[in-house]
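Inspection log for the structure reproduced underneath, given as structure tokens.
Number of protein chains: 2
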Amino acid sequence: MQRSWTRRAWLGAIGAGMALGTGLARADEARETALRIDPQRLRQTLEGLSVFGRPAGGDFSAGVSRYAYSDADLAGRAYAMGLIRAAGASPRIDAAGNIWARREGDTAGLKPIVIGSHIDSVPGGGNFDGALGSLAAIEVLRTLNAAHAPLRHPLEVVLWSNEEGGTIGSGLAAGILPPGPTLEATLNGIRRRDGLRRIGGDPDHVTDARLAKGAKAAYLELHIEQSGLLEKAGVQIGVVDGIVAIDEYDVEIVGVANHAGTTPMADRRNALLAAARLIEAIQEEVTRDPGRQVGTVGHLEVFPNARNVVPGRVKMSLELRDLDAVKITRIAERIAARARDIAAATGCSIAITPSDRDPPALTDPRLQRQVEAAASGLGLSTLHLPSGAGHDAASMSVICPMAMIFVPSVGGVSHSPRELTSWADCANGANVLLQAVLRVDEMDV
Amino acid sequence: MQRSWTRRAWLGAIGAGMALGTGLARADEARETALRIDPQRLRQTLEGLSVFGRPAGGDFSAGVSRYAYSDADLAGRAYAMGLIRAAGASPRIDAAGNIWARREGDTAGLKPIVIGSHIDSVPGGGNFDGALGSLAAIEVLRTLNAAHAPLRHPLEVVLWSNEEGGTIGSGLAAGILPPGPTLEATLNGIRRRDGLRRIGGDPDHVTDARLAKGAKAAYLELHIEQSGLLEKAGVQIGVVDGIVAIDEYDVEIVGVANHAGTTPMADRRNALLAAARLIEAIQEEVTRDPGRQVGTVGHLEVFPNARNVVPGRVKMSLELRDLDAVKITRIAERIAARARDIAAATGCSIAITPSDRDPPALTDPRLQRQVEAAASGLGLSTLHLPSGAGHDAASMSVICPMAMIFVPSVGGVSHSPRELTSWADCANGANVLLQAVLRVDEMDV
């Protein structure tokens with residue numbers, strides 16, 4: 005590990021300062037620094053961003069609809085770029101619409117440490133998903149600049165475009181989404197190609213945004229947990245083991261639609277009865293093994309869907325998630341076997357077709373340890389857990405070592421105006437992000 | 005039993021004539037007459053009616069969309085009224101839009117025997133449901149008139165309006181539908197009040213169509229079975245025991261919508277899992293007892309119905325049918341008990357609310373015996389069975405003794421262009437109707 009003398013002296017001074025305050029610093033290691041983000045400023049910027057996409061007449065608790073490429077998204081991006089300028093950096097929009105800001109390091113030849121998240125939301129979403137990680141990254145940049153704190157590595161802040169539409173900005177940058185079909189798709193009434201141009205991207209040269217494998221030193225993302233594990237355990241910081249694999253399937257069940265009055269029970273080929281049995285079988289097979297895997301039938305349609313007609317056809321979704329891709333493949337095989345039995349018993353056909361497969365994105369163990377150490381240096385409790393939701397960090401995992409920091413979500417509610425993380429937890433997360441950056445900067449990455 | 009000499013002499017002559025032909029007549033009883041409908045003419049009129057509501061470019065096998073009050077319904081009614089005139093009678097439209105035709109009897113003071121059905125169809129329906137019973141009734145009238153066959157009772161043919169919309173014409177005539185709300189409802193884009201005026205009814209004086217209890221001697225309706233029982237048993241004529249009671253319920257299941265990736269299986273309150281278990285429980289409770297009762301969940305909606313959200317709410321229908329109303333009430337109570345257990349196990353609430361209740365309409369045992377005797381007099385096999393579907397005959401059961409004659413439906417298919425009854429079975433049904441009329445005419449009704 006290489007350190008400049010200037011840098012060691014600064015860290016030592018900061019460390020000594022913190023030791024006076026909390027007793028936690030060990031000056032000989034000089035990694036537990038006294039540097040802290042400004043919790044009031046972080047709160048103000050979260051509240052400031054929440055204005056864009058807020059329902060008419062609503063307040064902060066009304067949540068936001070700031071979906072990608074919308075007027076609200078544009079306004080939110082402009083607000084965030086203003087914060088970047090206030091932090092002393094110049095925002096740049098890449099061809100994929102991602103907003104970047106850079107702070108130089110003091111050791112030549114080192115790759116940048118990247119921190120960030122996204123500021124777009126789902127329609128009817130909350131004020132923390134993506135927004136916290138984005139504004140905390142800007143706050144970390146501002147804190148470091150204000151303190152003139154020297155870092156060995158360059159530091160980059162990134163606000164990924166269109167995360168909620170399927171990690172589009174980060175996926176294009178990481179080269180894991182094919183630009184052609186990705187840009188032609190339409191969501192919320194806006195074709196991505198047109199939306200991308202609208203936010204300052206360049207759909208005709210989107211590959212200009214591509215990051216080379218190994219182009220960055222590390223990627224760190226702070227995010228709300230979106231689950232109730234941390235809150236339930238009374239733990240302040242989640243150390244993410246990885247982002248789960250998601251296997252999606254389309255299920256189609258075909259029976260025979262018939263008159264509900266004149267068709268004897270024994271003669272029915274009832275597609276909804278078959279669907280009901282399959283839903284129960286999915287529940288059983290997913291929960292048969294210990295672990296945190298989940299399986300969900302979230303979408304279901306019945307045809308013809310009339311009170312007095314025995315259902316002839318059902319379409320439904322199935323998705324399975326776990327950090328272990330082999331495990332969910334094994335569960336899917338057991339579900340397929342159950343489906344064969346159910347089809348035979350009900351006289352229906354059941355087709356289960358894979359429709360999408362996201363591999364797991366594991367976090368880097370060395371980075372995990374820095375997050376843990378950063379949290380414990382701040383006196384914060386930690387818990388290791390997987391991320392059941394997808395994140396831009398999964399895209400970045402193909403470019404460089406990656407880690408994620410989670411803070412508690414009240415009641416585990418997310419993608420909802422009721423999404424909530426306490427201001428104290430927001431500040432804790434941002435401080436862990438800051439401290440983790442300082443620690444990773446010490447690493448040979 | 006009173007008979008005129010003229011009538012007895014005619015029946016004797018007919019009976020003797022038939023005896024020469026088939027050996028089935030017993031001249032001393034003189035009820036198995038040689039009188040037969042014209043099967044070719046019946047087929048021609050069924051094919052003639054099938055033109056109205058036929059899809060563009062289709063043939064007879066394409067079925068019809070002749071829903072009530074539509075242009076096709078109007079044209080079909082005009083065609084049927086032409087057939088009534090050709091049969092030697094004058095059609096009359098009552099205030100509820102029902103078409104009546106009357107043939108006088110030769111014994112003063114007797115009430116009319118009524119035969120008929122409906123000629124409207126469901127959208128995308130077939131050529132036999134309602135049409136067969138209607139055109140067979142006109143064919144019976146025409147056959148009797150052509151033979152100058154004397155009947156003691158007046159004979160009335162009725163073509164009920166808007167059967168498929170909920171036995172509206174017969175329900176208004178029988179006084180079991182409240183005119184106000186019934187006429188304000190809209191179906192297939194037409195308000196019933198406007199539709200009724202369109203077909204020559206009088207929505208402002210619809211109670212003029214009301215029949216007094218006991219105003220008719222008997223009601224006989226020929227109909228396709230709409231189920232596969234007769235075909236499967238290889239039986240030609242169904243003797244209907246009654247039209248089943250239908251109890252309908254609205255079911256609402258409320259859990260908690262949540263992120264499908266971040267919500268552990270054990271923490272879910274999954275409304276669709278509860279619905280699946282309830283659908284299986286309904287199947288079990290309906291089939292637990294021997295008998296012909298049926299139970300159906302035909303309609304189901306999931307909220308928010310997104311692949312990646314644990315379903316927070318499900319709305320579904322439940323209907324139970326059987327001749328025995330007490331039996332389906334008992335089954336509903338068992339289903340409610342199962343629902344309470346499922347709600348407790350899944351952390352959801354389940355509300356099951358009665359939404360409609362049609363009592364059973366039992367056919368008259370004496371009329372059933374006349375239908376059976378008419379069939380066996382024609383050498384046709386019979387089977388007793390319930391009607392799982394509703395019919396205008398259910399309305400008429402509150403006015404006078406009622407019976408129904410069923411003929412086989414190929415594959416049990418109905419409310420579909422594929423609805424099919426063989427021409428031989430159509431003719432058999434019409435001949436049983438004719439012979440049953442002659443037999444009922446002998447009764448003291």
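First to last, the protein sequences are chains A and B. Quick note: the first sequence uses my numbering, first residue 5, plus one each step. Quick note: the second sequence uses my numbering, first residue 5, plus one each step. In this text, a Cβ means the ideal position worked out from N, Cα and C, and glycines have one as well.
Task: Alpha-carbon to alpha-carbon, residue 158(B) and residue 60(B) - done: Translated into positions along the second sequence, residue 60(B) becomes position 56. Translated into positions along the second sequence, residue 158(B) becomes position 154. Distance between the alpha carbons of residue 60(B) and residue 158(B) is about 41 Å.
TODO: Give the range of the beta strand (DSSP E) segment to which residue 406(B) is assigned.
DONE: For the purposes of this step, residue 406(B) is taken as residue 402 along the second sequence, with counting starting at 1. Annotation: the continuous beta strand (DSSP E) that includes residue 406(B) extends over 406–411.
Task: Near-chain A residues of the stretch 274–300 of chain B (beta-carbon distance less than 7 Å), N- to C-terminal order - done: In summary, the residues of the stretch 274–300 of chain B whose CB is separated from some CB of chain A by less than 7 Å are 276, 277, 280, 281, 283, 284, 287, 290, 291, 296, 298 and 300, in the order they occur in the chain.
- [ ] Give the straight-line distance between the Cα atoms of residue 430(B) and residue 383(B), rounded to the nearest whole angstrom.
- [x] Locating residue 430(B) in the second sequence gives position 426, where the first residue counts as 1. Locating residue 383(B) in the second sequence gives position 379, where the first residue counts as 1. About 15 Å.
TODO: Check residue 307(B) in the structure and name its three-state DSSP category.
DONE: Within the second sequence, residue 307(B) is the residue found at index 303, counting from 1. For residue 307(B), the secondary structure class from DSSP, reduced to helix, strand or coil, is strand.
Task: the stretch 337–350 of chain B touching the stretch 277–288 of chain B, judged by at least three CB pairs closer than 8 Å - done: Judged by Cβ distances under 8 Å, the stretch 337–350 of chain B makes contact with the stretch 277–288 of chain B, as three or more pairs qualify.
Open item on the list: With a threshold of 8 Å between beta-carbons, can residue 333(A) be considered close to chain B, or not?
Closed with: What you label residue 333(A) is simply residue 329 of the first sequence in a count that begins at 1. Closer than 8 Å: no.
Open item on the list: So that I know if they touch, is there some Cβ in chain B lying closer than 8 Å to that of residue 265(A)?
Closed with: The sequence position of residue 265(A) within the first sequence is 261, counting from 1. Chain B contact via Cβ: present.
Task: Contact with chain A by residue 271(B), beta-carbon distance below 8 Å - done: For the purposes of this step, residue 271(B) is taken as the residue at position 267 of the second sequence. Yes - at least one Cβ of chain A is within 8 Å of the one on residue 271(B).
Task: Reduced DSSP category for residue 152(B) - H, G, I as helix; E, B as strand; rest coil - done: Translated into positions along the second sequence, residue 152(B) becomes position 148. Looking at residue 152(B) - three-state DSSP - the assignment turns out to be coil, as it is neither helix nor strand.
Open item on the list: Less than 8 Å between CB atoms is the rule here; does residue 323(A) satisfy it with respect to chain B?
Closed with: Walking along the first sequence from the start, residue 323(A) turns up at place 319. Residue 323(A) counts as touching chain B.
- [ ] Anything in chain E within Cβ reach of residue 248(B), meaning under 8 Å, just list it in chain order.
- [x] No chain E is part of this structure, whose protein chains are labelled A and B.
- [ ] List the DSSP bridge partners of residue 164(A).
- [x] Here residue 164(A) refers to the residue found at position 160 of the first sequence. Residue pairing by DSSP places residue 164(A) opposite 122(A) in a beta bridge.
Open item on the list: Classify residue 266(A): buried if its beta carbon has 16 or more other beta carbons within 10 angstroms, exposed otherwise.
Closed with: To locate residue 266(A), count along the first sequence from 1; it is residue 262. The C-beta of residue 266(A) has 16 or more other C-beta atoms within 10 Å across all chains shown, which makes the residue buried.
TODO: Please check if any C-beta of chain A sits within less than 8 Å of the C-beta of residue 225(B).
DONE: Walking along the second sequence from the start, residue 225(B) turns up at place 221. For residue 225(B), the closest Cβ of chain A is not nearer than 8 Å.
- [ ] Please list the residues of the stretch 303–314 of chain B that have a C-beta atom closer than 7 Å to any C-beta atom in chain A, keeping them in chain order.
- [x] Within the stretch 303–314 of chain B, the qualifying residues are 303, 304, 306, 309, 310, 311, 312, 313 and 314.
Open item on the list: Would residue 117(A) and residue 105(A) be called neighbours here (beta carbons separated by less than 8 Å)?
Closed with: On the first sequence, residue 117(A) is found 113 positions in, with the first residue counted as 1. On the first sequence, residue 105(A) is found 101 positions in, with the first residue counted as 1. No.
Task: Runs of beta strand (DSSP E) wholly within the stretch 375–402 of chain A (minimum 3 residues, chain order) - done: At a cut-off of 3 residues, the continuous stretches assigned as beta strand (DSSP E) that sit fully inside the stretch 375–402 of chain A are 386–391.
Task: Where the beta strand (DSSP E) containing residue 354(B) begins and where it ends - done: As a working note, residue 354(B) is residue 350 in the second sequence. Run containing residue 354(B): 353–362, per the beta strand (DSSP E) assignment.
Open item on the list: Please state the DSSP three-state secondary structure of residue 83(A).
Closed with: Locating residue 83(A) in the first sequence gives position 79, counting from the first residue. Residue 83(A) falls in the helix class under three-state DSSP.
Task: Three-state class that DSSP yields for residue 331(A) in the structure shown - done: As a first step, residue 331(A) must be located in the first sequence, where it is residue number 327. Residue 331(A) falls in the helix class under three-state DSSP.
Task: Within chain A, partners of residue 166(B) - CB distance below 9 Å - done: In the second sequence, residue 166(B) corresponds to position 162, counting from 1. Chain A residues near residue 166(B): none, gap ~16 Å exceeds 9 Å.
Open item on the list: Once DSSP output is grouped into helix, strand and coil, what is the label at residue 186(A)?
Closed with: The residue you call residue 186(A) lines up with position 182 of the first sequence. Three-state result, residue 186(A): helix.
- [ ] Say whether the stretch 192–209 of chain A touches the stretch 139–148 of chain A, bearing in mind that this needs 3 or more beta-carbon pairs closer than 8 Å, one atom from each stretch.
- [x] Segment contact: the stretch 192–209 of chain A against the stretch 139–148 of chain A, fewer than three CB-CB distances shorter than 8 Å; contact not assigned.
Open item on the list: Does chain B have any CB closer than 8 Å to the CB of residue 364(A)?
Closed with: Residue numbering aside, residue 364(A) sits at position 360 when the first sequence is read from its first letter. Output row for residue 364(A): interface = no.
TODO: Have a look at 249(B), 62(B), 433(B) and 269(B) and flag the residue whose alpha-carbon is nearest the alpha-carbon of residue 375(B).
DONE: As a first step, residue 375(B) must be located in the second sequence, where it is residue number 371. Restricting attention to 249(B), 62(B), 433(B) and 269(B), the CA atom closest to the CA of residue 375(B) is found in 433(B).
TODO: Let me know the secondary structure DSSP gives residue 370(B) once reduced to three states.
DONE: Taking the second sequence and counting its residues from 1, the one referred to as residue 370(B) is at position 366. Correct three-state label for residue 370(B): helix.
Open item on the list: Here's the rule: buried if 16 or more other CB atoms are within 10 angstroms of the residue's CB, otherwise exposed. What is residue 146(B)?
Closed with: One-based indexing of the second sequence puts residue 146(B) at position 142. With a threshold of 16 other beta carbon atoms within 10 Å, residue 146(B) meets it and is buried.
- [ ] Could you name the residues of the same chain whose beta carbon sits closer than 7 Å to that of residue 179(A), not counting the 5 residues immediately before and after it, in chain order?
- [x] Residue numbering aside, residue 179(A) sits at position 175 when the first sequence is read from its first letter. Answer for residue 179(A): 214, listed in chain order.
- [ ] Give a yes or no on whether 8 Å exceeds the smallest Cβ distance from residue 262(B) to chain A.
- [x] Mapped onto the second sequence, residue 262(B) falls at position 258. The C-beta of residue 262(B) comes closer than 8 Å to at least one C-beta of chain A.
Task: Within 8 Å, strictly: CB atoms of residue 313(B) and residue 263(B) - done: One-based indexing of the second sequence puts residue 313(B) at position 309. One-based indexing of the second sequence puts residue 263(B) at position 259. Contact annotation: residue 313(B) and residue 263(B) have beta-carbon atoms nearer than 8 Å.
Open item on the list: Tell me which residues of the stretch 121–153 of chain B have at least one Cβ-Cβ distance to chain A shorter than 9 Å, keeping chain order.
Closed with: Close to chain A, meaning a Cβ-Cβ distance shorter than 9 Å, is no residue of the stretch 121–153 of chain B at all.
Open item on the list: Quick check: residue 452(B) and residue 102(B), are their CB atoms within less than 8 Å of each other?
Closed with: Past the boundaries of the shown model lies residue 452(B); chain B is included only from 5 to 449, so the question cannot be answered.
Open item on the list: I believe residue 291(A) touches residue 323(A) by the beta-carbon criterion, under 8 Å. Please report the beta-carbon distance rounded to the nearest angstrom.
Closed with: As a position in the first sequence, residue 291(A) is number 287, starting the count at 1. As a position in the first sequence, residue 323(A) is number 319, starting the count at 1. With a Cβ gap of about 15 Å, residue 291(A) and residue 323(A) do not count as contacting.
Open item on the list: Check whether chain B comes within 8 Å of residue 419(A), counting only Cβ atoms and requiring the distance to be less than that.
Closed with: Translated into the one-based positions of the first sequence, residue 419(A) becomes position 415. It does: the Cβ of residue 419(A) has a partner Cβ on chain B nearer than 8 Å.
Open item on the list: Helix, strand or coil for residue 439(B)? Go by DSSP, reduced to three states.
Closed with: For the purposes of this step, residue 439(B) is identified with residue 435 of the second sequence, where counting begins at 1. Note: residue 439(B) maps to helix in three-state DSSP.
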